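Peer 1: Following this message is one structure expressed as structure tokens.
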Amino acid sequence: MAEQKIQSVLDPWVNTSFTCRCGKRHEVTVKKIVLERDALEAVPGYLQEAGYRHVTLVADSRTYEAAGAQLRGLLETAQLEVSLSVVKDNALGEVAADEEAIVQVLLDTPLSSQALLAVGAGTVHDIVRFVSHRTGRTFLSVPTAPSVDGFASVGAPIIVRGFKQTIPASAPEAIFADLGVLAAAPQAMAAAGFGDMLGKHTSLADWALGRLLLGEHYCELCARLTREAVELCTANLQEIAQRSELGMRKLMEGLILSGLSMLIVGHSRPASGAEHHLSHYWEMVLLQQRRGALLHGAKVGVAAVLMAHEYRTLLDLSSEEVQQRAASAPSRQEDAERIRRAYGAMAEQVIAENAPAMVPLDAQAFRAHLVEAWGEVKAIAHSVPSPAQLTAWLEAVQGPTTPAELGVEPELVQLSLDDALFVRNRFTVLRLKRWLH
Ligand SMILES: [Zn+2]
Ligand SMILES: [Zn+2]
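Structure follows, in structure tokens:
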């Protein structure tokens, strides 16, 4: 009974298409989500029913141990042919979604293999999402840690020649999240998943800013689902901190629901704002400096605290001050110069990405609208939990709360506060801040 009730949070959004009040047609191609204890045992039956006889199981050495070996045994017992790809660590002792990993998985996948099973966390999923999409094979997801909300998403962030780019690929056909496996995942990964979820508070506020100030398309339904997803997590804080099965269920429901909301609306706007741009900026700099990678959600959680500070700052500004400050907003040329200084070899690519958003079409009209709508901007800023609240939530799950705890130095934090807004062509609190300086 309880099982059915809990499953229903995700069920309405699986394998569905409908016309939404936002004016768009929404479609979710994920056919099945199994989120329960012993979910691994449901995989062979699903494959047999769907007519798959030969599959390739992709893991890294840690996730193979955590769930891959067990799943392989279950599949072989069910007379399915299983090929194996255990992705090798890079020179830093990590698994990265880069060209080497992609080529390894391609080489390990026989032509007769019909589906790829991603058994791992975010990185293994990114590799498999890309390879299965480009080779026309079915992609099945077996998360081993509740660490990101990207399991259900379509974009594959891939590192090629040291640069990270997100390539459109496909969502999994089915997700099998085993609560026993998730509860045994490292504490830092659960804390990271929780941090990725807290970032929704600032990403949703950024999307609301885009709607208010630029008339950007906004879907109330997807915003509500994303909000529900993060509230599922904060409402079950203690269970998540203890990594109980109930806590892992709630966290995973939140992560998957956030992913489904992105699938429904067709982009990552509800779930990714300035806090993600900060995180991506730090990641690119660490990559260039050949420093070890940090967990995505750990960075996002810390960045969300910083962005909540930015929203607090807006509350102190009167509309008269806004009028004065916005009068000297940067020109397109000044933005381009700034990007050239900050992004070096990537600059032209970043300028092209930003061209549509660098200056809102009619700068003068935008300024007038900003002053007029300032009360609504403040209401959006009010909707963001305080930095102290976000910090307390992160502390409760023993996640990092400051850049220093992550090992991100103050200089890099300052650079990112100035320049991370250009990582994506999106209106965020950081872009607004640039306009008000
Ligand atoms: Zn994220
Ligand atoms: Zn909609």
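If you're matching positions, the sequence shown starts at 610 in our numbering and goes up one per residue. Here a beta-carbon is modelled for each residue, glycine too, at the ideal position from N, C-alpha and C. If you're wondering where the values come from, they're calculated on a predicted model, not measured in any experiment.
Residues around ligand 1, please: the condition is that the C-beta lies closer than 7 Å to some non-hydrogen atom of it.
Peer 2: 757, 758, 759, 805, 808, 880, 881, 885, 905, 906, 909
Peer 1: Give a yes or no on whether the minimum CB-CB distance between residue 674 and chain C is below 8 Å.
Peer 2: This model lacks chain C altogether; it includes just one protein chain.
Peer 1: Given residue 703, which residues of its chain have a CB within under 7 Å of its CB, disregarding the five upstream and five downstream residues?
Peer 2: 901, 902
Peer 1: Could you give the DSSP three-state label for residue 615: helix, strand or coil?
Peer 2: Any reading at residue 615 is ruled out, since the residue's pLDDT is 47, under 50, leaving its predicted position unreliable.
Peer 1: Run the CB neighbour count on residue 612, radius 10 Å, all protein chains shown included, and call it buried at 16 or more, exposed below.
Peer 2: Since pLDDT at residue 612 reaches only 47, below the 50 mark, its modelled position is unreliable, and the value read off the structure follows with that caveat. That one is exposed.
Peer 1: Under 8 Å: do the stretch 797-807 and the stretch 1017-1026 share three or more Cβ pairs, one atom per stretch?
Peer 2: no
Peer 1: Assess contact between the stretch 974-985 and the stretch 768-783, defined as three or more Cβ pairs (one per stretch) separated by less than 8 Å. Is contact present?
Peer 2: no
Peer 1: If I follow the unbroken beta strand (DSSP E) through residue 788, where does it start and stop?
Peer 2: No beta strand (DSSP E) holds residue 788; the alpha helix (DSSP H) holding it covers 788-792.
Peer 1: Classify residue 1046 as buried or exposed, calling it buried when 16 or more other Cβ atoms lie within 10 Å of its own Cβ.
Peer 2: exposed
Peer 1: What span of residues does the alpha helix (DSSP H) with residue 621 cover, start to end?
Peer 2: Taken as a continuous stretch (DSSP letters only), residue 621 belongs to no alpha helix (DSSP H), as it is neither H nor E.
Peer 1: Rounded to whole angstroms, what's the CA-CA distance from residue 634 to residue 785? Just pull it up for me.
Peer 2: 27 Å
Peer 1: Could you tell me if the beta carbon of residue 635 falls within a distance shorter than 7 Å of some heavy atom in ligand 3?
Peer 2: This structure simply doesn't include ligand 3; it includes ligand 1 and ligand 2 instead.
Peer 1: Tell me whether residue 830 counts as near ligand 2, meaning its Cβ is closer than 7 Å to at least one heavy atom of that ligand.
Peer 2: yes
Peer 1: For the alpha helix (DSSP H) containing residue 848, name the first residue and the last one.
Peer 2: Boundaries of the alpha helix (DSSP H) around residue 848: 846-851.
Peer 1: State buried or exposed for residue 627, treating a residue as buried only when at least 16 other CB atoms are found within 10 Å of its CB.
Peer 2: exposed
Peer 1: Under 8 Å, do residue 694 and residue 730 count as touching if we go by C-beta distance?
Peer 2: no
Peer 1: Answer yes or no: do residue 863 and residue 815 have a C-beta to C-beta separation smaller than 8 Å?
Peer 2: no
Peer 1: My output table needs one value for residue 662: the three-state DSSP class, helix, strand or coil.
Peer 2: In the structure shown, residue 662 falls within a coil segment according to DSSP collapsed to helix, strand and coil.
Peer 1: What residue ranges within the stretch 893-952 form continuous alpha helix (DSSP H) runs of no fewer than 4 residues, ordered along the chain?
Peer 2: For the stretch 893-952, whole alpha helix (DSSP H) runs of length 4 or above, ordered along the chain, are 905-924, 928-935, 941-952.
Peer 1: Beta strand (DSSP E) containing residue 646: first to last residue?
Peer 2: Premise fails: residue 646 is in no beta strand (DSSP E) and is neither H nor E.
Peer 1: Take residue 849 and list the residues in its own chain whose beta-carbon comes closer than 7 Å to its own, dropping the five residues that flank it on each side.
Peer 2: 799, 803, 842, 856, 859, 860, 1006
Peer 1: Under the assumption that residue 886 contacts residue 996 (Cβ atoms under 8 Å), give the Cβ distance between them as a whole number of angstroms.
Peer 2: Not a contact, Cβ separation roughly 18 Å.
Peer 1: What's the gap between the Cα of residue 1003 and the Cα of residue 904?
Peer 2: Linking residue 1003 to residue 904 through their CA atoms gives a straight-line distance of about 14 Å.
Peer 1: So, for residue 697: in the same chain, excluding its five sequence neighbours on each side, which residues have a beta-carbon less than 7 Å away from its beta-carbon?
Peer 2: 713
Peer 1: Are residue 962 and residue 1034 touching if we call contact CB-CB under 8 Å?
Peer 2: yes
Peer 1: Helix, strand or coil for residue 824, going by three-state DSSP, please let me know.
Peer 2: DSSP, read as helix, strand or coil, puts residue 824 in coil.
Peer 1: Name the DSSP beta bridge partners of residue 726, please?
Peer 2: For residue 726, the beta-bridge partners assigned by DSSP are 666, 749.
Peer 1: Less than 8 Å separating the beta-carbons of residue 750 and residue 781?
Peer 2: yes
Peer 1: Okay, do the stretch 825-841 and the stretch 887-897 touch, 3+ Cβ pairs below 8 Å being the bar?
Peer 2: No contact exists between the stretch 825-841 and the stretch 887-897.
Peer 1: Residue 927: buried (16+ other C-beta within 10 angstroms of its C-beta) or exposed?
Peer 2: exposed
Peer 1: Can you tell which of 788, 740, 790, 746 has the C-alpha that lies nearest to the C-alpha of residue 766?
Peer 2: 740
Peer 1: Quick one: what's got a C-beta closer than 8 Å to residue 681's C-beta in the same chain, skipping five residues either side?
Peer 2: So the qualifying residues of the chain are 666, 691, 693.
Peer 1: For residue 953, count the other beta carbons within 10 Å of its own beta carbon; 16 or more makes it buried, fewer makes it exposed. Which is it?
Peer 2: exposed
Peer 1: Please report how far the alpha carbon of residue 759 lies from the alpha carbon of residue 752, in whole angstroms.
Peer 2: Here the C-alpha atom of residue 759 lies approximately 10 Å from the C-alpha atom of residue 752.
Peer 1: Output needed for residue 639: all residues of its chain with C-beta closer than 8 Å, excluding positions within five of it in sequence on either side, in chain order.
Peer 2: 623, 624, 761, 780, 781, 782, 783, 784, 869, 872
Peer 1: Determine the closest residue to residue 617 out of 645, 711, 663, 949, with distance taken between C-alpha atoms.
Peer 2: 645
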